[in-house]
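Each residue of the sequence shown is one higher than the one before, counting from 180 in the working numbering.
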Amino acid sequence: MHDFDHTQRFLFDDSDVRGELVGLGQSYQHVLAKHDYPQPVAQLLGELLAAASLLIGTLKFDGLLVLQARSSGAVPLLMVECSSDGELRGIARYHAEQIGAAAGLLELMPEGVLAMTIEPKQGQRYQGIVDLDGATLAACLTNYFATSEQLPTRFWLCADGQRARGLLLQQLPADRLPDAEARAASWQHLLTLADTLSAEELLGLDNETLLHRLYHQEALRLFEPRPLCFRCSCSRERSARALVSLGQADAELLLAEHAGEVVIDCQFCNQRYAFDAADVAQLFAGGGSEGPLDTRH
Numbered sequence: 180m181h182d183f184d185h186t187q188r189f190l191f192d193d194s195d196v197r198g199e200l201v202g203l204g205q206s207y208q209h210v211l212a213k214h215d216y217p218q219p220v221a222q223l224l225g226e227l228l229a230a231a232s233l234l235i236g237t238l239k240f241d242g243l244l245v246l247q248a249r250s251s252g253a254v255p256l257l258m259v260e261c262s263s264d265g266e267l268r269g270i271a272r273y274h275a276e277q278i279g280a281a282a283g284l285l286e287l288m289p290e291g292v293l294a295m296t297i298e299p300k301q302g303q304r305y306q307g308i309v310d311l312d313g314a315t316l317a318a319c320l321t322n323y324f325a326t327s328e329q330l331p332t333r334f335w336l337c338a339d340g341q342r343a344r345g346l347l348l349q350q351l352p353a354d355r356l357p358d359a360e361a362r363a364a365s366w367q368h369l370l371t372l373a374d375t376l377s378a379e380e381l382l383g384l385d386n387e388t389l390l391h392r393l394y395h396q397e398a399l400r401l402f403e404p405r406p407l408c409f410r411c412s413c414s415r416e417r418s419a420r421a422l423v424s425l426g427q428a429d430a431e432l433l434l435a436e437h438a439g440e441v442v443i444d445c446q447f448c449n450q451r452y453a454f455d456a457a458d459v460a461q462l463f464a465g466g467g468s469e470g471p472l473d474t475r476h
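Below is the structure:
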């Protein structure tokens, strides 16, 4: 699995087109291990993880990319985060009794919308939204780029509950091919070749073999891979800040309602952070999030 848990960029020497491949293995498995997802949900979540990993490489910023899909159907929520450091986490909410073994995106997420949120460490937060009206997540993301006046971009995504893979092609501003007709023809040629890629090939071939099979007649450069990993951004400190944000009166009311202990669960990784009366008193006294006793996870 040497081509998994990283992204790898490539560039066509004679066309104004860049590409990126992603493979997720252990990072995908870490996400799935936190919840008992039905296979169709695990596949959708894998595709969204792959998409976020590809998209983070198109953005020149330090921060966080969040993809959040919502619907009125069997899967009301899919959410994935990918940081500019290559750290991934994801979660799905679903109604198991409504999920068929071979259900696809439109069956699982009818009347769905996909929000893409960019949260840079410095600068303004941005969000774009597109309807989930394509047959696949890849088609929906392609539609998003087509309707948001961004660079033309195409996606190919696949996941099988064990591995997740993705391919992205993006047309760059005119440089090598200033003629509009030549640019359009080159772009369409590269897309047509990529459309011949089967799910089995995308999941099973290493990057060099895959690119050779598709583009052996094209001159391209394959760059060094960038690693990806599962990492949840939750912490006792962040949980403590959430508790403080409620205000002291409400925090103490929660303590009374829960037998003297407030437990905050992370939905992404199932980590638990417990705060008793002494912890809460210390928080509001400005003493920080570390309790007088051992930290309880």
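Quick reminder that beta carbons are idealized off the backbone N, C-alpha and C, glycines included. Computed from a prediction, not measured in an experiment: that's the story for all the values here.
In the structure shown, the three-state DSSP call for L422 is helix.
It is roughly 26 Å from the alpha-carbon of P331 to the alpha-carbon of P406. The segment 328 to 369 is shown to contain whole beta strand (DSSP E) runs of 3 or more residues at 332 to 338, 343 to 350, in chain order. In this structure, L401 sits away from L384, with a CB-CB distance that is not shorter than 8 Å. The secondary-structure analysis by DSSP pairs D455 across a beta bridge with E440.
Put simply, of D184, M258, H185, L200 the residue whose alpha carbon is nearest the alpha carbon of L393 is L200. In the displayed model, A398 falls within coil according to three-state DSSP, outside both helix and strand. For Q350, the CB contacts under 7 Å within the same chain, skipping 5 residues up- and downstream, are D195, V196, L330, P331, W366 in chain order.
In this structure, DSSP gives R268 an extended state, which the three-state scheme calls strand. Residues of the same chain with a CB within less than 6 Å of the CB of R410, apart from the 5 flanking positions on each side, are E266 in chain order.
D193 counts as exposed, since fewer than 16 other C-beta atoms from the protein chains shown sit within 10 angstroms of its C-beta. Collapsing the DSSP output to three states places F240 in coil. Inter-residue distance for S418 and D429 is about 15 Å (C-alpha atoms, whole angstroms).
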